[in-house]
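Chemist: The structure's right below; bear with me while I get my questions together.
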Amino acid sequence: MNANSTNDENQTVGKKILRFIWSLIPFFILVMVIVIMGVMCGAKNKAIKQERAQALKAEDPGINVVTLELIPKPLRDRINLPGMIEPWVMLDVLSEVQGKITAKPTKEGDKINQGDVLVTVDQNKYDNAYRSSKAAYEASLSSKKRLEQLFAKQLSNKSDLDNMTAQVENLKAVMDNAVLDLENCTIKAPISGIINRIHVETGQYVNIASKIAEIIQIDKVKVKVGIPESDINSIRNVNHFTIRIDALNEREIDAKKHFLSKIAGKDAILYDLELAVNNPNLDLLPGMFARVEIIKREIPESISIPIYAIISNNDSHIVYIENDGLAHRREVELGLQDGWLMQVTKGLEKGEKVVVTGQRNLNEGQLLNVVRRIKDLEEMN
Numbered sequence: 033m034n035a036n037s038t039n040d041e042n043q044t045v046g047k048k049i050l051r052f053i054w055s056l057i058p059f060f061i062l063v064m065v066i067v068i069m070g071v072m073c074g075a076k077n078k079a080i081k082q083e084r085a086q087a088l089k090a091e092d093p094g095i096n097v098v099t100l101e102l103i104p105k106p107l108r109d110r111i112n113l114p115g116m117i118e119p120w121v122m123l124d125v126l127s128e129v130q131g132k133i134t135a136k137p138t139k140e141g142d143k144i145n146q147g148d149v150l151v152t153v154d155q156n157k158y159d160n161a162y163r164s165s166k167a168a169y170e171a172s173l174s175s176k177k178r179l180e181q182l183f184a185k186q187l188s189n190k191s192d193l194d195n196m197t198a199q200v201e202n203l204k205a206v207m208d209n210a211v212l213d214l215e216n217c218t219i220k221a222p223i224s225g226i227i228n229r230i231h232v233e234t235g236q237y238v239n240i241a242s243k244i245a246e247i248i249q250i251d252k253v254k255v256k257v258g259i260p261e262s263d264i265n266s267i268r269n270v271n272h273f274t275i276r277i278d279a280l281n282e283r284e285i286d287a288k289k290h291f292l293s294k295i296a297g298k299d300a301i302l303y304d305l306e307l308a309v310n311n312p313n314l315d316l317l318p319g320m321f322a323r324v325e326i327i328k329r330e331i332p333e334s335i336s337i338p339i340y341a342i343i344s345n346n347d348s349h350i351v352y353i354e355n356d357g358l359a360h361r362r363e364v365e366l367g368l369q370d371g372w373l374m375q376v377t378k379g380l381e382k383g384e385k386v387v388v389t390g391q392r393n394l395n396e397g398q399l400l401n402v403v404r405r406i407k408d409l410e411e412m413n
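Here it is, written out as structure tokens:
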């Protein structure tokens, strides 16, 4: 009896559960229908938006722009200063005697070696002076020898011998000077180089210290540049430089620091910097104008953009980036400037596309028509 009663109760509970489940089916169906309708409506709305966007794009294709993909590259903090090429050595040869120029075997522009004859001066007067001083010296030397013999025999006093000895030494010095003057009548090159100028002609009379010739050495040259006070500390430890010579089709040449003046010039607060440049082919000539590039600091990986891509307003700096065909406004912070490039220290990331042409008339969210995408500014040329 009890077993039958338990079975009936179990069957009753099962029927109730089954009826409850069946009662929920319409609710589940309704929920599914609502979800499906929502998805369909969303898809339809998206399709409508896409159609509207395409229609809008067809009506208004957007502002034509060129974008630059941001790729980190080295950036240099550098200055470009004017300089002038000077001879490594420039020497004036002066006359040490006076007289008439009798010969001039060299001419301007000649390459010469140390010891080569530049000019000769009439030596007759100096030859006579030499022969006269020589005769006087030899006579005094003979007198000294006789006095020495007499003094040895105690036939002469010591003071006479001392006076004669002093006279001999004096006449010897006079003769030596005469020999030197005679040698100086042949004026020779004290260094090797190029004769840049000869100041005398054959037959011309010259005095002591008259300029005879100017010799220069230009197989190595100096480039002199004035360094402003504000940059002097930045280049103290810089030893290598690049110079550009306009007269040689803007050829770039390496240079090394030779000398940095410790005193500023009188006319301007500039410190003379002398650079040494090898010039084996003699292409660099004194007086040529040079541009000296001085790298004060280098940033190996810099996010940089052209300065014309930046819209400045008071203290703020704005650029536009392109994303999914739309313009997005970015405020950026700037760092170093290298020519036309400006370092961006904050506001942009690697890989973003910055609008570099057409950005002046843009607004946030404006439709863009990217006519060209570049990765290097050289592609703009």
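What the sequence shown shows, in this note's numbering, is residues 33 to 413, in sequence order.
Backbone N, C-alpha and C define an ideal beta-carbon position, used for all residues, glycine too.
Where does T234 fall in DSSP's three states?
Modeler: Correct three-state label for T234: coil.
Chemist: Going by DSSP, what residues sit across from E118 in a beta bridge?
Modeler: Per DSSP, K254.
Chemist: If you check the beta carbons only, do V351 and Q398 fall under 9 Å apart?
Modeler: Not in contact: V351 and Q398 (Cβ atoms no closer than 9 Å).
Chemist: I57: buried (16+ other C-beta within 10 angstroms of its C-beta) or exposed?
Modeler: Flag for I57 reads exposed.
Chemist: Just checking my contact of V376 with L366 at CB under 8 Å: how many whole Å lie between their CB atoms?
Modeler: 6 Å between Cβ atoms; contact.
Chemist: Would a C-beta distance cut-off of 9 Å place L305 and I248 closer than the cut-off?
Modeler: No. Outside cutoff.
Chemist: Could you check which residue in E396, V324, L358, Y340 has the C-alpha nearest to that of R110?
Modeler: Of the candidates E396, V324, L358, Y340, the one whose C-alpha sits nearest the C-alpha of R110 is V324.
Chemist: If we count the other Cβ atoms within 10 Å of its Cβ and call it buried at 16 or more, is S174 buried or exposed?
Modeler: By the 10 Å Cβ count, S174 comes out exposed.
Chemist: Which partner residues does F183 have in the DSSP bridge list?
Modeler: F183 pairs with nothing; no bridge assigned.
Chemist: For M33, which of helix, strand or coil comes out of DSSP?
Modeler: Only weak support exists for where M33 lies, its pLDDT of 42 falling under 50; the value from the coordinates is given anyway. Coil.
Chemist: Would you list the one or two residues that DSSP bridges to H290?
Modeler: Per DSSP, none; premise fails for H290.
Chemist: Could you check what DSSP says for M392 in three-state terms: helix, strand or coil?
Modeler: The amino acid at residue 392 is misidentified as Met; the sequence shows Arg. Note: R392 maps to helix in three-state DSSP.
Chemist: In this structure, what does DSSP give as the bridge partners for A135?
Modeler: Answer is T152, bridged to A135.
Chemist: Quick one: grab the DSSP three-state call for P58.
Modeler: P58 falls in the helix class under three-state DSSP.
Chemist: Indicate whether V386 and I353 have their beta-carbon atoms separated by less than 9 Å.
Modeler: Against a cut-off of 9 Å, the Cβ pair of I353 and V386 comes out as a contact.
Chemist: Pick out the complete beta strand (DSSP E) segments inside the region 263–311, 3 residues or longer, and give them in chain order.
Modeler: With a minimum length of 3 residues, the continuous beta strand (DSSP E) runs that stay inside the region 263–311 are 272–277, 283–296, 302–310.
Chemist: Specify the secondary structure class of L400 as computed by DSSP and reduced to three states.
Modeler: If DSSP states are grouped into helix, strand and coil, L400 belongs with the strands.
Chemist: Is L380 helix, strand or coil by DSSP?
Modeler: L380 falls in the coil class under three-state DSSP.
Chemist: Is the separation between the beta-carbon of K294 and that of V309 shorter than 9 Å?
Modeler: No, the pair does not count as a contact, with Cβ atoms beyond the cut-off.
Chemist: Nearest by alpha-carbon distance to I343: which of E333, V364, K243, I331 is it?
Modeler: Nearest option by C-alpha distance: V364.
Chemist: Flag this pair as touching only if the region 239–259 and the region 114–122 have three or more C-beta atom pairs under 8 Å; answer yes or no.
Modeler: Contact between the region 239–259 and the region 114–122 is present, because at least three Cβ pairs lie under 8 Å.
Chemist: Assuming A221 contacts H231 under a Cβ cut-off of 8 Å, what Cβ separation, rounded to an integer in Å, is found between them?
Modeler: That belief does not hold up - the Cβ atoms of A221 and H231 are roughly 14 Å apart, past 8 Å.
Chemist: Can you check whether the CB of L179 is closer than 9 Å to the CB of L193?
Modeler: Yes, these two residues count as a Cβ contact at 9 Å.
Chemist: What separation, rounded to the nearest whole angstrom, lies between the Cα atoms of D315 and S242?
Modeler: Between D315 and S242, the C-alpha separation is close to 32 Å.
Chemist: If you draw a straight line from the alpha carbon of L113 to that of R229, how long is it in whole angstroms?
Modeler: One C-alpha to the other measures close to 31 Å.
Chemist: Reducing DSSP to helix, strand and coil, say where N239 ends up.
Modeler: Note: N239 maps to coil in three-state DSSP.
Chemist: For Q369, list the residues DSSP reports as bridge partners.
Modeler: BP columns for Q369 point to M374.
Chemist: Is it right to say Q236 is buried, meaning 16 or more other beta carbons lie within 10 angstroms of its own, or is it exposed?
Modeler: Answer is exposed; the Cβ neighbour count stays below 16.
Chemist: Would you mind reading off the limits of the alpha helix (DSSP H) that contains S127?
Modeler: It is not in any alpha helix (DSSP H) - S127 carries neither H nor E in the DSSP assignment.
Chemist: Would you identify the three-state DSSP class for V386, choosing helix, strand or coil?
Modeler: V386: strand per DSSP, three-state reduction.
Chemist: Kindly indicate the opening and closing residues of the beta strand (DSSP E) around S344.
Modeler: S344 -> beta strand (DSSP E) spans 343–345.
Chemist: Evaluate M412 with the Cβ neighbour count: other Cβ atoms within 10 Å of its Cβ, from every protein chain shown; 16 or more gives buried, anything less gives exposed.
Modeler: Classification of M412: exposed, given that the 10 Å Cβ count is below 16.
Chemist: Among the residues of its own chain, which have a CB less than 7 Å from the CB of Q130, if the five just before and after it don't count?
Modeler: Here the set comprises V238, N239, I240.
Chemist: I'd like to check one pair, M196 with K176: are the Cβ atoms closer than 9 Å?
Modeler: In this structure, M196 lies closer than 9 Å to K176 by Cβ.
Chemist: Following the continuous beta strand (DSSP E) through V364, name the residue where it begins and the one where it ends.
Modeler: Unbroken run through V364: none, as it is neither H nor E.
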